[in-house]
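Enquirer: With the UniProt record's numbering applied, the sequence shown has no gaps in its numbers, which climb one by one up to 212 at the end. Built from N, CA and C at the ideal position, the CB exists for glycine as well. None of the values given here were measured: they were computed from a predicted structure.
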Amino acid sequence: MQNEGYVIEDVVTGGSHPFRERPIPATSRLAESSDIHRRLQDLAPRAAELRRQELVRDWADEKYAQAARGESELLRELADYGMAWRDVARLVGVSVPAVQKWRRGAGMTGENRLRLAGVVALLRCLERKMINAPVSWLEMPVLSDVSVTAMDMLAVDRVDLVLELATDDPILGHDRTRVLDEFEPRWRETRVDDKFEVFEASDGLLSIRPRQ
């Protein structure tokens with residue numbers, strides 16, 4: 001036996017109540033809900049891509065705002081955040097001695113200044129996302145016992161993936177394994193601690209567990 005729902009239907013009456021209930025068969029409700037579900041599935045990837053574009057655009061706006069500051073100010077702010085000079089050098093793409101020269105007042109190219117501003121901008125964006133001690137957060141493994149950090153992603157200019165990891169959205173959300181797949185497709189083979197192994201879970205997806 002099928003259950004029925006009801007909708008209110010506007011009808012022409014001779015002075016009686018102008019609305020009446022019209023039953024909706026369960027099959028129609030199922031078809032409608034299936035259609036809504038399909039459309040949501042179609043929209044989700046596009047919505048996620050639009051969100052990522054806006055995350056990167058917000059970071060880029062902050063980067064150019066920070067680039068208006070002096071080099072010494074940017075370096076001082078990175079020091080206040082607790083970022084090691086070796087990491088500054090890695091993210092900007094120069095040597096540690098080059099960073100030390102900047103600290104002593106040596107000039108830098110416009111490209112390096114913009115990259116330095118980008119690092120400061122990212123830390124500020126992370127703080128706006130309620131991430132306390134953002135440098136420490138960048139150094140954390142993306143997944144336990146997987147030797148990939150957000151700092152690794154940032155070092156190869158994947159700021160989009162870092163912002164994705166930092167964004168907690170109850171609707172679109174983020175899947176850390178999906179982000180890792182995008183960053184390094186073979187991470188399960190090359191980046192998992194030897195004490196763990198990759199196995200196929202009951203849902204058919206690959207997962208990680210301690211070796212027996």
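1. For the candidate residues Arg-39, Leu-78, Asp-58 and Leu-30, whose alpha-carbon lies nearest to that of Val-135?
2. Whose C-alpha, out of Leu-55, Lys-101 and Pro-141, is nearest the C-alpha of Asp-193?
3. Could you check whether the region 159-168 touches the region 96-103, counting it as contact only if at least three pairs of C-beta atoms, one from each stretch, sit closer than 8 Å?
4. Assign Pro-134 to one of three DSSP states: helix, strand, or coil.
5. Can you list, in chain order, the residues of its chain whose CB lies under 6 Å from that of Trp-137, leaving out five sequence neighbours each side?
6. Tell me whether the region 180-187 and the region 113-130 touch, counting them as touching only if at least three CB pairs, one residue from each stretch, are closer than 8 Å.
7. Identify which residue in Thr-27, Ala-60 and Gly-105 has its Cα closest to the Cα of Arg-76.
8. To the nearest angstrom, how far is the alpha carbon of Ala-148 from that of Ser-28?
9. Do you know how far the Cα of Arg-39 is from the Cα of Glu-32?
10. Could you tell me the distance, in whole angstroms, from the CA atom of Thr-177 to the CA atom of Lys-129?
11. Since Ser-72 is in the alpha helix (DSSP H), which residue starts that stretch and which ends it?
12. For a test of the three-state rule: what should DSSP assign to Pro-185, helix, strand or coil?
13. Using CA coordinates, which residue listed in Val-94, Lys-63, Asp-145 and Trp-85 is at the minimum distance from Leu-126?
14. For Thr-149, name the three-state secondary structure that DSSP assigns.
15. Given a cut-off of 8 Å on the beta-carbon distance, is the pair Arg-88 and Asn-112 in contact?
16. To the nearest angstrom, how far is it from the Cα of Pro-45 to the Cα of Arg-188?
17. So, with DSSP's three-state summary, where would you put Pro-25?
18. Rounded to whole angstroms, what's the CA-CA distance from residue 233 to Met-83? Just pull it up for me.
19. Can you give the beta carbon distance from Met-108 to Glu-71, rounded, assuming they're within the 8 Å contact cut?
20. Would you kindly report the start and end of the unbroken alpha helix (DSSP H) that includes Lys-101?
Expert: In brief:
1. Locating residue 135 in the sequence shown gives position 135, counting from the first residue. Checked all of Arg-39, Leu-78, Asp-58 and Leu-30; the closest Cα to Val-135 is Leu-78.
2. Here the question's residue 193 lines up with position 193 in the sequence shown. Nearest Cα to Asp-193 within the set Leu-55, Lys-101 and Pro-141: Pro-141.
3. Output reads no: the region 96-103 does not touch the region 159-168.
4. Reading the sequence shown from its first residue, position 134 is the one you call residue 134. Correct three-state label for Pro-134: helix.
5. For the purposes of this step, residue 137 is identified with residue 137 of the sequence shown, where counting begins at 1. Ile-131.
6. Result no; under three Cβ-Cβ pairs closer than 8 Å.
7. Along the sequence shown, one-based indexing puts residue 76 at 76. Answer by Cα proximity: Gly-105.
8. Sequence index remark: in the sequence shown, residue 148 carries index 148 (1-based). Sequence index remark: in the sequence shown, residue 28 carries index 28 (1-based). Here residue 148 turns out to be Val, not Ala, going by the sequence shown. Whole-angstrom Cα-Cα distance: 49 Å.
9. Numbered from 1 along the sequence shown, position 32 holds the residue referred to as residue 32. Numbered from 1 along the sequence shown, position 39 holds the residue referred to as residue 39. Distance between the alpha carbons of Glu-32 and Arg-39 is about 11 Å.
10. Residue mapping note: residue 177 aligns to position 177 of the sequence shown, counting from 1. Residue mapping note: residue 129 aligns to position 129 of the sequence shown, counting from 1. Roughly 21 Å separates the two Cα atoms.
11. In the sequence shown, residue 72 corresponds to position 72, counting from 1. Unbroken alpha helix (DSSP H) run through Ser-72: 71-81.
12. By one-based count along the sequence shown, residue 185 stands at place 185. Residue state, collapsed to three classes: coil.
13. In the sequence shown, residue 126 corresponds to position 126, counting from 1. Considering only alpha carbons, the answer is Lys-63.
14. Start at 1 with the first residue of the sequence shown, and residue 149 comes out as number 149. In the structure shown, Thr-149 sits in a strand (DSSP, three-state: E or B).
15. Numbered from 1 along the sequence shown, position 88 holds the residue referred to as residue 88. Numbered from 1 along the sequence shown, position 112 holds the residue referred to as residue 112. The residue you asked about is not Arg; residue 88 is Val in the sequence shown. No; because the gap between Cβ atoms is not below 8 Å, this pair is not in contact.
16. Mapped onto the sequence shown, residue 45 falls at position 45. Mapped onto the sequence shown, residue 188 falls at position 188. Each residue's alpha carbon lies about 24 Å from the other.
17. Here residue 25 refers to the residue found at position 25 when the sequence shown is read from its first residue. Note: Pro-25 maps to coil in three-state DSSP.
18. In the structure displayed, the chain extends from 1 to 212; residue 233 sits before or after that span and is not available.
19. The residue given as residue 108 occupies position 108 in the sequence shown. The residue given as residue 71 occupies position 71 in the sequence shown. Right, the Cβ-Cβ distance comes to about 6 Å (below 8 Å), so this counts as a contact.
20. Your numbering for residue 101 matches position 101 in the sequence shown. Its alpha helix (DSSP H) spans residues 96-103.
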